[in-house]
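Below: the structure, in C-alpha cells.
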Amino acid sequence: MGKSPKPYRVVKVDDFPAYVIGFALRWWRSDLRGLTLQAVSEALHRDFSQIARWERAECRLPDGVINEFDKLYGANGLLVNLADALSDLRRYGSTVKVQPIQRREDQDMERRLLMQLIPLLGIQSAINPEVLNRVFDAADKAAGVNSRDPDEWAWTAYERWHYYTTNPPGAAVPLLANDLLQVTGQIEKTESPGVRDGLSRAAAQLAMLMARDLADIGQVGVSVRAFATARRFADASTDRPLAAWVRANEACHSFWLGRPITVIERLAAEAEQIADGKTSPGLMDAYSVRALVGALRGDKAVTHDAVAKMIDVWDRRPYKGNAASGPATWTWARGPLGTRGYALALLGDPTAARELDTAHEYLTRIGHEGGARSLRLMQALHMVKNRDPEGLALAVEIGEETSFSAQRRLIAKQILEALPRDPKVSDQAHRLRELIDQSSRPILPSVR
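Last residue of the sequence shown: number 454 in the numbering used here, and the count goes up by one each step with no gaps.
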C-alpha cells in the first residue's frame, strides 16, 4: 500500500511575515553567500530540517534566532531590522483605519516602491538588476525632463557623493535608489520649469553616482543603464556643464571597466563638444580620459598634451579652496593630480612617484578615502614597473584592507601584467589574483 498523500497546506494572510523572513533567509544563504543548508546547520549547531522549515515558512522563527543568522551571513543588522518590522506588522497589521482615498493611494504607491526595493535593503554588493531596472523605468518616465526643493536635493547629492567615497563599494546603491524614486516623483508632479530644472540636475547627479557605485561592484550592464539615465536627466536640464560632466564621468568609468576604447573616446568627445571650451569639471575630466587612453597606448605626445589641457582647466576653476565643500564644488573633487600621476606611471615616467604622492596627500586632505586608496595602488604599479619588489606587497596590503572598486581592479590587473616572470607565480601574486576575483563576485568589505 502506497504512502498517504501529503495533506494540502492552507496558506493564510497571517503567514505573510513568515514567508518574507523565509525568503530573506534563503536568499542570504543561497543566492548571496552560496552556503548549503548543511553548512549553516553545522555553523549554528541547529537541526538541518528545522532551518529548511523556517526558510519554507512552515513554522515561525523563534524570537532571537534571527540574530544568529544575521551574524553568520554578515547582514550587519539588516535581517534583525527586517524581523523587527515584520513583528510590528504582526502586532498592528490587522488594525485598519479608514483614510481619505488620495492618502491611501499615495501610501499604496509608497508600499509598491518599497516592495520593489526590499532586495536592495539587504545587500551592499550583489545587486538585483531587475529591481534596479524598475527604479530606472520609474526615473525614465520623468526624464522627459513635494517635498524637498532643488537646493535641498543638491545637498543630498553632495552628501551621497561623500558617502560613496567613504563607504564600501555598493553601499550607496540602496540610498541612491530611494533618492531617485523620491526626486522622480517630485519631477512628475512639478509644473514650475525652474523647479523641474533644479530637480533634474539633482537626479542626474544621483543617477551618475549610482552608476559609479554599480560599476565598482561589477554590475556593468546596470551601471551602463544608470549612466544613460543620468545623461537623460542632465540633458533635460538647462545645465550644459552638468551634461558634459556626466558624459566625462561615464567615459572615465568605462575606462576602468574595460569597455571598448571607441566608446570611451566617443563619450569624452561628446563631453568636450558640450563643454564648448568653457571651464568646467566636465571639460577637465574629458581631458583626463584623453590622457589615460593616450598613456594606455604608450603615446607620450597625446598624453602630455591632454595632461597640459587638463591642468589648464583646473588652474582656471572658479573655486580655489576646498574642492569638496558643498554642492557647488564637489564635482571638481577628482582634481587632475591623480590622473597625471597614473598616466606617467603607465608610461614608465620616473616622475610619477612624486605626482602620485602629491595627489594622495590632496585626496586624503579632502576626505576622499576611496580615491586615496586608488592612488596607493597606482603607487604600487609604478613601483612594480620600476622593479621595486615592495610594489607587489603594497598591492596585496591594499587589497586586504579594502575591496577593489572597478578602478582598483584594473590597476591590480595591470600590476600583475607588469610583474617579471618569477614574481608572476609567487604566493603574493596568487593572493592578489584571489583578491581581484573576490571583489568581482563581490564580498562585503569593512571599508571602501
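Where is the CB? At the ideal position from N, CA and C, for every residue including glycine.
Taking all protein chains shown into account, decide if residue i is buried (16 or more other Cβ within 10 angstroms of its Cβ) or exposed.
| i | result |
| --- | --- |
| residue 65 | exposed |
| residue 80 | exposed |
| residue 388 | buried |
| residue 237 | buried |
| residue 116 | Residue placement at residue 116 is flagged as unreliable, the pLDDT there being 39, under the threshold of 50; a coordinate-derived value is accordingly withheld. |
| residue 151 | Any reading at residue 151 is ruled out, since the residue's pLDDT is 40, under 50, leaving its predicted position unreliable. |
| residue 44 | exposed |
| residue 110 | Model confidence at residue 110 stands at a pLDDT of 40, short of 50, so the residue's coordinates are unreliable and nothing is read from them. |
| residue 440 | exposed |
| residue 195 | exposed |
| residue 83 | exposed |
| residue 276 | buried |
| residue 321 | exposed |
Between residue i and residue j, what straight-line distance do the alpha-carbon atoms span, to the nearest angstrom?
| i | j | result |
| --- | --- | --- |
| residue 60 | residue 436 | 40 Å |
| residue 245 | residue 200 | 12 Å |
| residue 174 | residue 409 | 7 Å |
| residue 126 | residue 420 | Model confidence at residue 126 stands at a pLDDT of 42, short of 50, so the residue's coordinates are unreliable and nothing is read from them. |
| residue 353 | residue 396 | 20 Å |
| residue 359 | residue 42 | 47 Å |
| residue 423 | residue 362 | 20 Å |
| residue 229 | residue 165 | 20 Å |
| residue 247 | residue 213 | 16 Å |
| residue 406 | residue 193 | 43 Å |
| residue 300 | residue 33 | 44 Å |
| residue 77 | residue 22 | 24 Å |
| residue 267 | residue 337 | 24 Å |
| residue 457 | residue 47 | Residue 457 falls outside the range modelled here, since the chain spans only 7 to 454, and no answer is possible. |
| residue 50 | residue 29 | 19 Å |
| residue 368 | residue 379 | 12 Å |
| residue 346 | residue 235 | 30 Å |
| residue 324 | residue 40 | 50 Å |
Less than 8 Å between the CB atoms is what I'm expecting for residue i and residue j, so what's the real figure, rounded?
| i | j | result |
| --- | --- | --- |
| residue 254 | residue 313 | Contact flag wrong, Cβ pair sits at about 15 Å. |
| residue 288 | residue 250 | 3 Å |
| residue 243 | residue 203 | 5 Å |
| residue 161 | residue 426 | That belief does not hold up - the Cβ atoms of residue 161 and residue 426 are roughly 50 Å apart, past 8 Å. |
| residue 317 | residue 356 | Rounded, the Cβ-Cβ distance is 19 Å, inconsistent with contact. |
| residue 292 | residue 349 | In fact, because the Cβ distance is near 14 Å, the residues do not count as touching under 8 Å. |
| residue 418 | residue 383 | 7 Å |
| residue 416 | residue 167 | That pair is no contact at about 22 Å. |
| residue 75 | residue 38 | About 12 Å separates the two Cβ atoms, so there is no contact after all. |
Runs of beta strand (DSSP E) lying entirely within the segment 266-336, each at least 3 residues, in chain order: none
Does the segment 50-62 touch the segment 84-92, meaning 3 or more C-beta pairs lie closer than 8 Å? no
The segment 276-291 contacting the segment 305-313, beta-carbon criterion three pairs below 8 Å: no
Which runs of the alpha helix (DSSP H), 4 residues or longer, sit entirely within the segment 185-232? 199-222
On the three-pair Cβ rule with 8 Å, is the segment 167-182 touching the segment 206-220? yes
Sufficient close CB pairs (3 or more, under 8 Å) joining the segment 359-374 to the segment 398-414: no
Give the list of continuous alpha helix (DSSP H) stretches no shorter than 4 residues that lie fully inside the segment 393-436. 396-407, 412-424, 427-430
What are the complete alpha helix (DSSP H) segments, minimum 4 residues, inside the segment 32-94? 43-50, 54-61, 71-79
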